Amino acid sequence: MLNSQEEEEEFITVRVQDPRIQNQGSWNPYIEYKIFLYTNSKAFTVKTSCVRRRYREFVWLRRQLQRNAGLVSLPELPGKNPFFPVHNRERIERRRQGLQQFLEKVLHMTVFLSDTLLHLFMQTQLSPAEMEGCVLGQTPYSTTEAILSYAMSNKSALHEGDSAVVSTIAYECQSSPNRTQASVGESNSETVASNRVVGRPSSITQEVTPVSITPEVTPDSITQEVTPVSITQEVTPTSRSEEH
């Protein structure tokens with residue numbers, strides 16, 4: 001049994017997902033994609049990572065890998081378009097699939113697993129210039145330090161990536177009739193409860209509204225109690241003339 005555990009087959013799972021538009025409202029918006037990596041390969045310092053990259057960074061990575069690999073041919077990237085329609089969902093989805101296929105093929109080619117730039121691309125948020133500087137020893141941190149530092153500062157994104165499969169299943173289940181009916185039932189009970197809670201402040205407001213107090217202390221009511229008319233009737237000149 002121990003031998004079977006020791007001989008566990010290595011795997012590398014990569015997902016390109018969650019495309020987001022950046023620089024909206026400007027003349028040069030672009031799409032960023034989340035790259036989620038999960039592996040047990042000894043080639044990687046961190047077994048789970050999550051970064052965001054744009055298309056031109058993929059182009060840079062392929063060029064660098066080709067330069068270091070020599071005659072080894074690399075898989076192709078989806079076609080480049082200087083006027084890529086960032087609001088066209090179909091085009092974005094096709095590009096996302098192409099980027100994922102590119103990474104899947106690269107990560108399963110042993111010759112590239114030893115390339116430092118690939119690891120920095122997959123497991124840090126460094127820019128291409130910073131990655132090149134790190135490889136050349138021009139940064140105050142090493143490749144391992146850069147990867148570990150980013151992993152420590154990006155724990156929340158890693159948890160989000162870990163739950164990606166669960167979230168997908170839950171989303172699909174919500175479209176089933178049974179799940180929908182259960183959700184509606186829960187929402188109705190919550191609505192009733194919320195109405196009860198909201199109704200309490202409303203009743204209190206009606207009891208202490210200024211409108212109910214105002215008639216009791218209006219100047220009109222005071223005037224009626226001590227009107228000059230009533231005093232005039234008691235001491236009118238007419239009544240005195242009758243007495244004389």
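Just so we're aligned: 108 in UniProt numbering is position 108 of the sequence shown, and the numbers increase by one with no gaps anywhere. We put the beta carbon where it would ideally sit given N, CA and C, even for glycine. Just so we're clear, the structure is a prediction, and the values are computed from it rather than from any experiment.
{"Asked": "Rounded to whole angstroms, how far is the Cβ of Ser73 from the Cβ of Met122, which I believe are closer than 8 Å?", "Found": "About 21 Å; that fails the 8 Å criterion."}
{"Asked": "When you compare only the Cα positions, how much space is there between Gln17 and Gly70?", "Found": "30 Å"}
{"Asked": "When the Cα atoms are used, what is the spatial distance from Val111 to Leu99?", "Found": "19 Å"}
{"Asked": "Leaving out five residues before and five after Thr144 in sequence, what residues of the same chain have Cβ atoms less than 6 Å from its Cβ?", "Found": "Thr45"}
{"Asked": "Just how far apart, CA to CA, sit Ala146 and Gln125?", "Found": "9 Å"}
{"Asked": "Applying the 10 Å Cβ sphere with the 16-neighbour rule, what's the burial state of His119?", "Found": "buried"}
{"Asked": "Taking the straight line between their C-alpha atoms, what separation do you get for Leu77 and Met152?", "Found": "31 Å"}
{"Asked": "Would a C-beta distance cut-off of 7 Å place Glu104 and Val14 closer than the cut-off?", "Found": "yes"}
{"Asked": "Excluding the 5 residues preceding and the 5 following Leu65 in the sequence, name in chain order all residues of the same chain whose CB lies nearer than 8 Å to its CB.", "Found": "Leu74, Val106, Phe112, Asp115, Leu117 and Leu118"}
{"Asked": "At 4 residues or longer, and completely inside the UniProt domain \"PX\" (11-128): list those alpha helix (DSSP H) runs for me, N to C.", "Found": "55-69, 89-107, 110-113 and 116-123"}
{"Asked": "Apart from the five residues just before and just after Gln181, which ones in its own chain have a Cβ nearer than 6 Å to its Cβ?", "Found": "In this prediction, Gln181 scores a pLDDT of 31, lower than 50, which makes its location untrustworthy; the coordinate-derived value is nonetheless stated afterwards. Closer than 6 Å at the Cβ level, and outside the excluded window around Gln181, lies no residue."}
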